[in-house]
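Throughout the sequence shown, residue numbering follows our numbering, covering 242 to 562 in sequence.
Just so it is clear, CB atoms sit at the ideal spot from N, CA and C, and this is done for glycine as well.
Because the structure is a prediction, the values reported are computed rather than measured.
In what follows, a single structure is set out as structure tokens and then discussed.
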Amino acid sequence: MSESELTVEKIREDHINHRLGPYIGWNKVNRAQVWQWCAAMGDTNPLYLENDEVIAPPTMLQMWTMRDVRGNFPEGTVDKNVYEIMDKFGQIGYSATVATNYDQTYHSYLKEGDQVYSYHTIVDVTDKKSTGLGEGYFVTEHAQYYRSNDEIKDELFGEARISYFKYMPPEQTPGASSSGGGIKKIERIRPVENHDSKHFWQGLREGKLLIQQCSNCQVTRHPPQPMCEQCQSIEWNTIESKCEGTIYSYTVMHYPEIPPFDYPNAIVLVDLDEGVRIASQLTGTKPDDIVIGSRVKAKLVEVQDEMTLPVFEVIETEASS
Ligand code: ZN
Numbered sequence: 242m243s244e245s246e247l248t249v250e251k252i253r254e255d256h257i258n259h260r261l262g263p264y265i266g267w268n269k270v271n272r273a274q275v276w277q278w279c280a281a282m283g284d285t286n287p288l289y290l291e292n293d294e295v296i297a298p299p300t301m302l303q304m305w306t307m308r309d310v311r312g313n314f315p316e317g318t319v320d321k322n323v324y325e326i327m328d329k330f331g332q333i334g335y336s337a338t339v340a341t342n343y344d345q346t347y348h349s350y351l352k353e354g355d356q357v358y359s360y361h362t363i364v365d366v367t368d369k370k371s372t373g374l375g376e377g378y379f380v381t382e383h384a385q386y387y388r389s390n391d392e393i394k395d396e397l398f399g400e401a402r403i404s405y406f407k408y409m410p411p412e413q414t415p416g417a418s419s420s421g422g423g424i425k426k427i428e429r430i431r432p433v434e435n436h437d438s439k440h441f442w443q444g445l446r447e448g449k450l451l452i453q454q455c456s457n458c459q460v461t462r463h464p465p466q467p468m469c470e471q472c473q474s475i476e477w478n479t480i481e482s483k484c485e486g487t488i489y490s491y492t493v494m495h496y497p498e499i500p501p502f503d504y505p506n507a508i509v510l511v512d513l514d515e516g517v518r519i520a521s522q523l524t525g526t527k528p529d530d531i532v533i534g535s536r537v538k539a540k541l542v543e544v545q546d547e548m549t550l551p552v553f554e555v556i557e558t559e560a561s562s
């Protein structure tokens, strides 16, 4: 069948109520992965790791049957791409995806040594819907998670209903100038300006980077908060930053490319000389050349109408060792 014959009706026919599986987990439930999850999530529930028998947090449900980094499942897994329906929607122009709902149901706890495998069924594809993102189709998948061990065979221990919206993006290429008018330019999300944070955004519009300072103990703080962490005073004033500091850490965003940002997008945490840490963008330095400890200075740039942000540039690179 040629791609031009692919229709939503055909996609429905090929996928709805076609149960795919099993998708087998690479590793049996084990202490190392449970520990990593709990450490990453900050979950200190003693049930999981403080008894002889390791119990997995139920929210790890989906993790046990994930593909490896090359996209492969272990032997015994069905040779069917569970995401084929996504690709098909992409072929007929609905290439963008946003997850809209994810409900999990747990029937029993997973224990160390359990082998997990899952089955997946597309249960619904709606009629075409118009949303703020564009036109598209809501797709709902029902996933069933099973476990087996020395005593138990094929026990359904958890389920998930996952809905996502497959839609036609207004512009295929982020930042492309081929819009031809009519399509509203995608802007940065505007910050919430409230009683505690308005001074910061208003200050930037007036060309000043203002840092909150406790009127009682003079300790500076950022981001803005109603109360001083040191002395609990709610009295505060602001000081104007000289916009200079040191790179504490950074990350470089490569993918996904979300408009209206330019990529690669270097995000830095800067320790300002006034004693607070601020997150912002770094420009003028290639990602590979960014060095922690470098001195930076912010320019206040009006990135879009009524929105000014401090954007950092390196003024002195830390000698890398
Ligand atoms: Zn204070």
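- Every unbroken beta strand (DSSP E) within the segment 315-396, with a cutoff of 3 residues, ordered by chain: 337-347, 356-366 and 376-389
- Thinking just about the alpha-carbon of each residue, which of Asn506, Gln345, Cys472 and Asp529 is nearest to the one in alanine 520? Working through the sequence shown from its first residue, we reach residue 520 at position 279. Closest option to alanine 520, judged by alpha-carbon separation, among Asn506, Gln345, Cys472 and Asp529: Asn506.
- Would you mind reading off the limits of the beta strand (DSSP E) that contains tryptophan 477? For the purposes of this step, residue 477 is identified with residue 236 of the sequence shown, where counting begins at 1. Run containing tryptophan 477: 477-481, per the beta strand (DSSP E) assignment.
- Message: Quick check on valine 249: does DSSP put it in helix, strand or coil?
- Response: Taking the sequence shown and counting its residues from 1, one reaches residue 249 at position 8. Valine 249: helix per DSSP, three-state reduction.
- Query: Quick one: what's got a C-beta closer than 6 angstroms to methionine 301's C-beta in the same chain, skipping five residues either side?
  - Reply: Numbered from 1 along the sequence shown, position 60 holds the residue referred to as residue 301. Around methionine 301: Trp278.
- Task: Compute every distance between the C-beta of lysine 460 and the non-hydrogen atoms of the ligand ZN, then say whether any falls below 8 angstroms.
- Result: Residue 460 sits at position 219 when you count from the first residue of the sequence shown. First, the residue type needs correcting, since residue 460 is valine and not lysine in the sequence shown. Yes.
- Message: Nearest by alpha-carbon distance to aspartate 503: which of Glu557, Asp530, Arg429 and Asp512 is it?
- Response: Here the question's residue 503 lines up with position 262 in the sequence shown. Per the Cα distances, Arg429.
- CA-to-CA distance, lysine 527 to alanine 560, given in whole angstroms: Here the question's residue 560 lines up with position 319 in the sequence shown. Here the question's residue 527 lines up with position 286 in the sequence shown. Spanning the two alpha carbons is a distance of roughly 16 angstroms.
- Which residues in the same chain as serine 456 place their Cβ atom closer than 6 angstroms to its Cβ, once the five residues preceding and following it in sequence are excluded? Residue mapping note: residue 456 aligns to position 215 of the sequence shown, counting from 1. These residues qualify, in order along the chain: Glu476, Trp477 and Asn478.
- Query: Which same chain residues, not among the five before or five after glutamate 572, have their C-beta less than 6 angstroms away from its C-beta?
  - Reply: Past the edges of the chain, shown from 242 to 562, lies residue 572, and the structure says nothing about it.
- Query: Got a sec? Which residues, its chain only, sit under 6 angstroms from threonine 367 by beta carbon, not counting five neighbours each side?
  - Reply: Reading the sequence shown from its first residue, position 126 is the one you call residue 367. Excluding positions up to five away in sequence, the list reads Tyr378 and Phe379.
- Starting from valine 537, follow its DSSP beta bridges and name the residues at the other end. Locating residue 537 in the sequence shown gives position 296, counting from the first residue. Valine 537 pairs with Gly486 and Val555.
- Would you list the one or two residues that DSSP bridges to glutamate 400? One-based indexing of the sequence shown puts residue 400 at position 159. In DSSP, glutamate 400 forms a bridge with Thr346 and Gln385.
- Item | For threonine 300, the three-state DSSP class (helix, strand or coil) | Start at 1 with the first residue of the sequence shown, and residue 300 comes out as number 59. Assigned with DSSP and collapsed to three states, threonine 300 falls in helix.
- What are the complete beta strand (DSSP E) segments, minimum 3 residues, inside the segment 429-455? 451-455
- Tell whether a beta-carbon distance below 9 angstroms holds between tyrosine 489 and valine 511. Taking the first residue of the sequence shown as 1, we reach residue 489 at position 248. Taking the first residue of the sequence shown as 1, we reach residue 511 at position 270. Going by C-beta atoms, tyrosine 489 is nearer than 9 angstroms to valine 511.
- Please indicate yes or no: does the CB of glutamine 204 lie closer than 8 angstroms to some heavy atom of the ligand ZN? Residue 204 is absent from the model: the chain starts at 242 and stops at 562.
- 8 angstroms Cβ shell around glycine 534 - same chain, five flanking residues per side excluded: For the purposes of this step, residue 534 is identified with residue 293 of the sequence shown, where counting begins at 1. Closer than 8 angstroms at Cβ, skipping near neighbours: Thr487, Ile488 and Glu559.
- Would you decide whether isoleucine 499 is buried or exposed? Buried here means 16 or more other CB atoms lie within 10 Å of its CB. Indexing the sequence shown from 1 puts residue 499 at position 258. Flag for isoleucine 499 reads exposed.
- Nearest-angstrom Cα separation, counted from serine 389 out to glycine 262: Taking the first residue of the sequence shown as position 1, residue 262 is located at position 21. Taking the first residue of the sequence shown as position 1, residue 389 is located at position 148. Near 15 angstroms, if we compare the C-alpha coordinates of serine 389 and glycine 262.
- Task: State the DSSP-derived secondary structure class of arginine 462, mapped to helix, strand or coil.
- Result: Residue mapping note: residue 462 aligns to position 221 of the sequence shown, counting from 1. Strand.
- Query: Per DSSP, what kind of secondary structure is arginine 308 in: helix, strand or coil?
  - Reply: Translated into the one-based positions of the sequence shown, residue 308 becomes position 67. DSSP, reduced to helix, strand and coil, places arginine 308 outside both helices and strands of the structure shown, so it counts as coil.
- Task: Please report the residue range of the alpha helix (DSSP H) in which tyrosine 289 lies.
- Result: If you number the sequence shown from 1, residue 289 lands on position 48. Counting along the chain, the alpha helix (DSSP H) containing tyrosine 289 begins and ends at 287-290.
- What is the DSSP secondary structure of alanine 507, counted as helix, strand or coil? What you label residue 507 is simply residue 266 of the sequence shown in a count that begins at 1. In the structure shown, alanine 507 sits in a strand (DSSP, three-state: E or B).
- Task: Using only the heavy atoms of the ligand ZN, determine whether one of them is closer than 8 angstroms to the beta carbon of cysteine 455.
- Result: The residue you call residue 455 lines up with position 214 of the sequence shown. Taking non-hydrogen atoms of the ligand ZN into account, the C-beta of cysteine 455 is found less than 8 angstroms away from one of them.
- Among Ile480, Thr549, Gln303 and Thr461, which one has its Cα closest to the Cα of valine 473? To locate residue 473, count along the sequence shown from 1; it is residue 232. Sequence check: residue 473 is glutamine here, not valine. Answer by Cα proximity: Thr461.
- Skipping 5 residues on each side, what residues in its chain have a beta carbon closer than 7 angstroms to that of glycine 399? Numbered from 1 along the sequence shown, position 158 holds the residue referred to as residue 399. In chain order, Pro299, Leu302, Gln345, Thr346, Tyr347, His348 and Tyr386 place their CB closer than 7 angstroms to the CB of glycine 399, counting only its own chain and leaving out the 5 sequence neighbours on each side.
- Message: Within the continuous alpha helix (DSSP H) that includes isoleucine 273, where are the two ends?
- Response: The residue labelled residue 273 in the question sits at position 32 within the sequence shown. Sequence inspection shows alanine at residue 273; the isoleucine mentioned does not correspond to that position. Taken as a continuous stretch (DSSP letters only), the alpha helix (DSSP H) holding alanine 273 covers 272-282.
- Message: Taking the straight line between their C-alpha atoms, what separation do you get for threonine 338 and serine 482?
- Response: Here residue 338 is taken as the residue at index 97 of the sequence shown, counted from 1. Here residue 482 is taken as the residue at index 241 of the sequence shown, counted from 1. Looking at the two C-alpha atoms, the distance is approximately 41 angstroms.
- Task: Please name the residue in Pro464, Ile480 and Ile508 whose C-alpha comes closest to that of glycine 525.
- Result: Locating residue 525 in the sequence shown gives position 284, where the first residue counts as 1. Minimum Cα distance to glycine 525 is reached at Ile508.
- Drop a sphere of 10 angstroms on the beta-carbon of histidine 259, count the other beta-carbons inside from all chains shown, and report buried for 16 or more, exposed for fewer. On the sequence shown, position 18 is the one that residue 259 refers to. Exposed, by the Cβ-count rule.
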